[in-house]
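Let me begin by presenting the structure, written as structure tokens, before commenting on it.
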Amino acid sequence: MMENAAAKLDFRPTGQGTGAHVRGLNLREPVPEDVIVMLKAELATQGVLVVRGQADLTEAEQIAFTASLGQTQGHPLPGIGGANPLDNASDLVFYLTNAIDGSEAKSPSDQRHEKHHQAGDKREKNPSINPGGGELAWHSDLQYMPEPQVYSVLYGIEIPASGGETEWCNMTLAYAALDEESKREIEGLRSVNWLSRKLEPACHPVVRIHPATGARALYVSPGLSRYIEGWDEAEGRALIGRLAEHATQPAFCYRHQWQPGDVTMWDNRVTMHRRHGFDLAERRIVRRTQTVGEAVIAA
Numbered sequence: 168m169m170e171n172a173a174a175k176l177d178f179r180p181t182g183q184g185t186g187a188h189v190r191g192l193n194l195r196e197p198v199p200e201d202v203i204v205m206l207k208a209e210l211a212t213q214g215v216l217v218v219r220g221q222a223d224l225t226e227a228e229q230i231a232f233t234a235s236l237g238q239t240q241g242h243p244l245p246g247i248g249g250a251n252p253l254d255n256a257s258d259l260v261f262y263l264t265n266a267i268d269g270s271e272a273k274s275p276s277d278q279r280h281e282k283h284h285q286a287g288d289k290r291e292k293n294p295s296i297n298p299g300g301g302e303l304a305w306h307s308d309l310q311y312m313p314e315p316q317v318y319s320v321l322y323g324i325e326i327p328a329s330g331g332e333t334e335w336c337n338m339t340l341a342y343a344a345l346d347e348e349s350k351r352e353i354e355g356l357r358s359v360n361w362l363s364r365k366l367e368p369a370c371h372p373v374v375r376i377h378p379a380t381g382a383r384a385l386y387v388s389p390g391l392s393r394y395i396e397g398w399d400e401a402e403g404r405a406l407i408g409r410l411a412e413h414a415t416q417p418a419f420c421y422r423h424q425w426q427p428g429d430v431t432m433w434d435n436r437v438t439m440h441r442r443h444g445f446d447l448a449e450r451r452i453v454r455r456t457q458t459v460g461e462a463v464i465a466a
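Just remember that the working numbering sits 167 ahead of the position in the sequence shown, which is counted from 1.
Set out below in structure tokens:
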């Protein structure tokens, strides 16, 4: 891209509760630092950005872009993205797919697409990265870790005709919309988060501060936040449910209808997200990369 690449970018609101489409960005090329600065600034407020038309984006290109946002990492838990679908696949990526072993690919246009299809076929044998076709609950990536990840990047390879949308909600907007009594109620609270009882729980503030903007955001999710530290468990779950119901109102959300070649990126300090269900008779293959985590700043 040229020197004044940032000036050529066009950010257009999604028309929903949050998020923006980015035009004028080619992720197959190195992205200049001034563009990265602008993307991070937009992510800190919008929460999620969409870049369309990135057909045939390679693993290496996706990793390189993600590395420009921050230090990259594979999934920290063995068995979740740890095994690679191809012998030469990077351990810095993992595929989320329902692809059935041995099924035929949908009209592969070249060898690269065939490799993507093979990736999905082989990964069907690993249930930890084959989430089926049901809805995945609202969550923030790696919220169950002591230092949850910051940025996530997801690339659409093969997309079902309907369903399988990813939806984000903006937790900064959701916090700002709370009444003052609710804000006082949750001030100083901590949630206990885990993916599995086999893992050490991670305790995080219910209200967090974004280091770049200073804005407050809710930081609980029905998918990973199990109870409130020091509260009766049932009462804590009820509070988490009320906050999640508030945060996931359409006024704060963006529901993305995937197309092959779409790239979505999001700031986990601002958003939580979920995947909508889809017909298992249709294939869905998406590829994720991510940056390392950081300590959560309490409000």
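Just so you know, even glycine gets a beta-carbon here, dropped at the ideal spot from N, CA and C.
Same chain, Cβ closer than 6 Å to residue i, neighbours up to 5 away in sequence not counted
i	result
residue 255	Confidence at residue 255 is low in this model, with a pLDDT of 47, below 50, so its placement is unreliable and no value can be given for it.
residue 244	none
residue 270	Since pLDDT at residue 270 reaches only 45, below the 50 mark, its modelled position is unreliable, and no value is offered.
residue 391	306, 310, 311 and 360
residue 470	Nothing about residue 470 can be read from this structure; the chain reaches only from 168 to 466.
residue 308	316, 319 and 435
residue 180	187
residue 379	211
Range of the contiguous alpha helix (DSSP H) that encloses residue i
i	result
residue 346	Per DSSP, residue 346 belongs to no alpha helix (DSSP H) and is neither H nor E.
Residue span of the beta strand (DSSP E) that contains residue i, given as start and end
i	result
residue 357	357-360
residue 457	452-458
residue 178	177-180
residue 392	392-395
residue 472	Any question about residue 472 goes unanswered here, given that the chain covers just 168 to 466.
residue 422	420-423
Residue i burial status per 10 Å Cβ neighbour count (16 or more: buried)
i	result
residue 351	exposed
residue 310	buried
residue 159	This structure cannot speak to residue 159, because the chain is shown only from 168 to 466.
residue 389	buried
residue 194	buried
residue 225	exposed
residue 187	buried
residue 454	buried
residue 435	buried
residue 452	buried
residue 328	exposed
residue 397	exposed
Beta-ladder partner(s) of residue i, from DSSP
i	result
residue 216	187 and 432
residue 372	357
residue 439	336
residue 461	Answer by DSSP bridge pairing: none, since residue 461 is not bridged.
residue 387	Answer is none; residue 387 lacks a bridge partner.
residue 408	In the DSSP output, where bridge partners are listed per residue, residue 408 has none listed.
residue 323	453
residue 203	The partner list for residue 203 (beta bridge, DSSP) is empty, contrary to what the question assumes.
residue 261	455
residue 239	458
residue 316	460
Contact under 7 Å by Cβ, residue i with residue j
i	j	result
residue 401	residue 339	no
residue 419	residue 184	yes
residue 219	residue 325	no
residue 230	residue 456	yes
residue 236	residue 458	yes
residue 214	residue 335	yes
residue 373	residue 356	yes
residue 304	residue 404	no
residue 353	residue 466	no
residue 332	residue 423	yes
residue 222	residue 428	yes
residue 463	residue 371	yes
residue 387	residue 410	yes
residue 425	residue 323	yes
Close beta carbons around residue i, own chain, < 7 Å, minus the five adjacent residues each side
i	result
residue 406	395
residue 175	191
residue 341	385, 413, 414 and 419
residue 408	389
residue 238	458 and 459
residue 205	173 and 176
residue 209	178, 187 and 216
residue 337	184, 185, 214, 419, 437 and 438
beta-carbon residue i near the ligand MG non-hydrogen atom, thresh 6 Å
i	result
residue 223	The ligand MG is not part of the structure shown, which contains no ligands of any sort.
Nonlocal neighbours in the same chain, by C-beta distance under 8 Å from residue i, ignoring five residues either side
i	result
residue 369	310, 311, 312, 313, 315, 359, 360 and 361
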